[in-house]
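Okay, so here's the structure we're looking at.
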Amino acid sequence: MNLSWETLELHTAQPFGIARWTHSSYPRTFVTLEDRGFVGRGEAAPNAFYGETRGTVEAVLPLLAGALEDPWDWDGLNARLSARMPQGHPSARCALEMAALEWCAQAAGVPVWRLLGLSPTALPHSSYTVSLAELPEMRRQAREAVAAGHTVLKVKLGTPYDEQIVTALREEAPSAALRVDANAAWSRSQARRMLDVLDDARVELLEQPLAAADLDGHAGLRAVSRVPVVADESLHHVRDVVELARAFDGVNLKLAKLGGPLQALAALRLARAHGLSVMMGCMIESSLGIAAAAHLAGLCDWADLDGALLLADDPFAGLNWTAGELQRPTAPGWGVTRT
Ligand SMILES: [Mg+2]
1 MNLSWETLEL HTAQPFGIAR WTHSSYPRTF VTLEDRGFVG RGEAAPNAFY
51 GETRGTVEAV LPLLAGALED PWDWDGLNAR LSARMPQGHP SARCALEMAA
101 LEWCAQAAGV PVWRLLGLSP TALPHSSYTV SLAELPEMRR QAREAVAAGH
151 TVLKVKLGTP YDEQIVTALR EEAPSAALRV DANAAWSRSQ ARRMLDVLDD
201 ARVELLEQPL AAADLDGHAG LRAVSRVPVV ADESLHHVRD VVELARAFDG
251 VNLKLAKLGG PLQALAALRL ARAHGLSVMM GCMIESSLGI AAAAHLAGLC
301 DWADLDGALL LADDPFAGLN WTAGELQRPT APGWGVTRT
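Numbering follows full-length UniProt numbering, in which position 67 of the sequence shown is assigned residue number 67; successive positions increment by one, without gaps.
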């Protein structure tokens with residue numbers, strides 16, 4: 001077994017802003033597992049909010065690599081990774097989980113979704129993100145997205161002018177489904193004031209309005225909101241789903257924060273058991289990471305998988321997109337190729 005990795009700086013076509021930051025450069029570490037003539041690949045998309053950087057990913061991969069000794073034992077992979085590193089490092093673990101799964105799928109000659117026993121099914125339409133900026137710039141992004149055929153927009157909020165943003169974007173995209181994401185930036189009172197604005201603008205869902213740890217605040221908000229409230233930053237680990245069920249209507253699952261596709265599947269099962277709706281989300285990541293999420297997205301109610309569409313230098317190709325309509329890959333493995 002040979003495991004190697006390289007980190008590339010990926011760049012968004014436009015600066016990408018959320019409530020906490022604006023960046024245009026993203027280090028992504030690509031893992032390759034080669035064994036007996038087959039290759040498996042994975043991507044680590046570290047996020048400082050979840051305690052990771054390029055440096056932590058590169059430092060931890062050599063410590064975790066031995067867990068892939070027998071890729072066919074992917075069912076026991078999480079236990080082997082946890083034995084080497086009890087907690088944290090979810091995007092590094094995601095890259096390894098992805099590599100193991102693709103290696104097995106390549107060896108079996110099937111797409112990963114089939115390796116996982118899933119049925120072929122249509123994916124929910126993905127949203128396209130309008131990133132946080134001055135209002136005229138957000139209007140421009142929305143106009144261009146609609147012109148490009150996107151019918152679902154996810155609007156980043158967390159400014160003193162959020163009400164104007166929602167009203168303006170509803171004007172720019174009168175028939176689009178609008179979702180909003182405050183990225184934990186609102187106070188409880190701000191969130192209460194926004195509920196009528198969101199309802200008037202026919203917003204489809206509200207993602208992470210309050211601080212990650214404020215479950216009571218989210219529970220109170222959800223009790224009076226006609227718009228479903230969805231957890232993102234409040235969900236770090238699979239086991240969090242159980243407690244989140246009292247405070248949210250749904251959860252946003254991202255492979256990079258949960259530790260990979262198998263962990264996301266575990267979170268999805270727990271979410272369904274607790275009556276939660278499910279979004280398959282992503283970081284800014286290449287078509288490799290997005291492909292992995294797409295293999296699971298058919299199980300979800302909502303998809304937010306535009307991370308690679310925002311890139312100027314995506315190192316992978318092969319995802320089949322028309323605006324927000326993403327087809328589940330059908331080639332063996334993840335179904336994307338290095339460009
Ligand atoms: Mg979010």
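All C-beta atoms, glycine included, are put in the ideal place defined by N, C-alpha and C.
Every value quoted in this text rests on a predicted model; they were computed, and no experiment measured them.
(1) For Tyr26, which option in Gly37, Arg36, Leu296, Gln14 has the closest C-alpha, if you only look at C-alpha atoms?
(2) Pick out whichever of Leu326, Ala312, Arg269, Met194 has its Cα sitting closest to the Cα of Ala292.
(3) Using DSSP with H/G/I as helix, E/B as strand and the rest coil, what is Leu206?
(4) Do Ala303 and Ser82 count as a contact pair if the criterion is CB distance below 7 Å?
(5) Do three or more CB pairs link the segment 204 to 212 to the segment 169 to 189 at distances below 8 Å?
(6) Which one of Phe16, Gly55, His89, Val112 has the shortest CA to CA distance from Trp74?
(7) Would the beta-carbon of Ala245 fall within 7 Å of that of Leu276?
(8) How about Thr339 and Gly318: are their beta carbons less than 7 Å apart?
(9) I'd like to check one pair, Arg84 with Leu64: are the Cβ atoms closer than 7 Å?
(10) When the Cα atoms are used, what is the spatial distance from Ser225 to Leu195?
(11) What is the chain-ordered set of residues for which the beta carbon lies under 5 Å from any non-hydrogen atom of ligand 1?
(12) Short check: CB of Glu205 to CB of Val241, under 7 Å?
(13) Nearest to residue 341 by alpha carbon, out of Gly298, Leu288, Ala44?
(14) Can you name, in chain order, every residue of its own chain whose Cβ lies under 6 Å from the Cβ of Ala267, other than the five neighbours on each side?
(15) Closest to Gly117 by CA distance: which of Leu123, Tyr128, Ala105 is it?
(16) Is Asp131 near Phe16, with beta carbons less than 7 Å apart?
(17) Look up Tyr26 in the DSSP assignment and give the residues it is bridged to.
(18) Between the alpha carbons of His23 and Thr53, how many angstroms are there, rounded?
(19) State buried or exposed for Gly333, treating a residue as buried only when at least 16 other CB atoms are found within 10 Å of its CB.
(20) Taking the continuous alpha helix (DSSP H) assigned at Ser82, which residues delimit it?
(21) Taking the alpha carbon of Ser4 as the reference point, which residue from Arg28, Tyr161, Thr32 has its own alpha carbon closest?
(22) Is the Cβ-Cβ distance between Arg328 and Ala294 less than 7 Å?
(23) Below 8 Å on the Cβ atoms is my contact criterion, and I expect Gly158 with Ala176 to pass it. Report the Cβ-Cβ distance as a whole number of Å.
(24) Would you mind stating whether Ala92 and Leu68 have Cβ atoms separated by less than 7 Å?
(25) Which residues does DSSP list as the beta-bridge partners of Glu52?
(26) For the putative contact between Arg28 and Ala45, defined by C-beta atoms under 8 Å, what is the C-beta separation to the nearest angstrom?
(27) Pull the bridge partners of Arg41 from the DSSP assignment, please.
(28) Taking DSSP as the reference, what is the three-state secondary structure of Glu69?
(29) Would you tell me roughly how many angstroms separate the C-alpha atoms of Met169 and Asp199, rounded to the nearest one?
(30) Would you call Leu296 buried or exposed, if buried means 16 or more other Cβ atoms sit within 10 Å of its Cβ?
(31) Closest to Asp1 by C-alpha separation, out of Phe38, Leu10, Val229, would be which residue?
(32) Could you check how far apart the C-beta atoms of Leu221 and Ala191 are, in whole angstroms? I think they sit under 8 Å.
(33) Taking Pro124 as the reference, which of Leu311, Gly324, Ala331 has the closest Cα?
(34) Quick check: what's the CA-CA separation for Ser55 versus Arg202?
Well, looking at it:
(1) Gln14
(2) Leu326
(3) strand
(4) no
(5) yes
(6) Closest by alpha carbon: Val112.
(7) yes
(8) no
(9) yes
(10) 6 Å
(11) Asp181, Glu207, Asp232
(12) Per the sequence shown, residue 205 should be read as Leu rather than Glu. No, Cβ-Cβ distance for Leu205 and Val241 is not below 7 Å.
(13) Since the first residue shown for the chain is 1 and the last is 339, residue 341 is missing from the structure and cannot be characterised.
(14) Correct list, in chain order: Val238, Val241, Leu253, Leu258.
(15) Ala105
(16) Sequence check: residue 131 is Ser here, not Asp. It is a contact, given that the beta carbons lie within the stated cut-off.
(17) Leu10
(18) Distance from the CA atom of His23 to the CA atom of Thr53, rounded to whole angstroms, is 14 Å.
(19) With 16 or more Cβ atoms within 10 Å of its Cβ, Gly333 is classed as buried.
(20) Counting along the chain, the unbroken alpha helix (DSSP H) around Ser82 starts and ends at 77 to 84.
(21) Of the listed residues, the one whose Cα sits closest to Ser4 is Thr32.
(22) The answer is yes: Cβ separation under 7 Å.
(23) Gly158 to Ala176, Cβ: 20 Å. No contact.
(24) No. Outside cutoff.
(25) Answer by DSSP bridge pairing: none, since Glu52 is not bridged.
(26) 6 Å
(27) DSSP output for Arg41 lists Thr32 as bridge partner(s).
(28) coil
(29) The question names Met, but residue 169 in the sequence shown is Leu. The straight-line gap from Cα to Cα measures roughly 14 Å.
(30) buried
(31) Sequence check: residue 1 is Met here, not Asp. Out of Phe38, Leu10, Val229, Phe38 has the C-alpha closest to the C-alpha of Met1.
(32) 5 Å
(33) Gly324
(34) Note that residue 55 corresponds to Gly in the displayed sequence, not to Ser. Distance between the alpha carbons of Gly55 and Arg202: 42 Å.
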